[in-house]
Structures are given as C-alpha cells and as structure tokens.
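Engineer: For the sequence shown, the working numbering gives the first residue as 6, with consecutive numbering after it. In this text, a Cβ means the ideal position worked out from N, Cα and C, and glycines have one as well. My structure is below; once you've seen it, I'll send some questions.
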Amino acid sequence: MSGSTKTMGVLTVSTLVVVTAYTAALGSNGWLWFGWVVLGLLTIGVIASRGNT
Numbered sequence: 006m007s008g009s010t011k012t013m014g015v016l017t018v019s020t021l022v023v024v025t026a027y028t029a030a031l032g033s034n035g036w037l038w039f040g041w042v043v044l045g046l047l048t049i050g051v052i053a054s055r056g057n058t
C-alpha cells in the first residue's frame, strides 16, 4: 500500500473510534455513522483501485 492509502486507512479506523466514543458518551447520531460508512467505502474503493494497478 502506498502512503496515501495507509493514511486513509488510519483515518477511517480513527474516525470509527471517535464515532464509537461519541455514541457511548452522548448517544447515537445517525449522520456520524452514515459519514463513517461513506468514508469506509471510499477507503475500500481506494484500496481496490490501488490493488488493480
């Protein structure tokens, strides 16, 4: 994986931790989870496109 792909993966995992902590402390927020899912799908797309080149 390239540096940008690793950075995006770390950002995705970090965001998951933050969203989970927010949910535990203040309650669920659907928009935060939706945003995380979109970020996760983008990360998977980047990883898949880098793997095919």
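Have a look at VAL23 and GLY50 and give me their C-alpha separation to the nearest angstrom.
Structural biologist: Going by the C-alpha atoms only, they are around 22 Å apart.
Engineer: Contact check, TRP1 vs LEU16 under 8 Å by CB: the rounded distance?
Structural biologist: What is shown of the chain runs 6 to 58, which leaves residue 1 out entirely.
Engineer: Express the C-alpha separation of VAL18 and LEU31 in angstroms, rounding to a whole number.
Structural biologist: Between LEU31 and VAL18, the C-alpha separation is close to 20 Å.
Engineer: Within the same chain, show all residues whose beta-carbon is closer than 7 Å to that of MET13, passing over the 5 residues directly before and after it, in chain order.
Structural biologist: So the qualifying residues of the chain are THR48 and VAL51.
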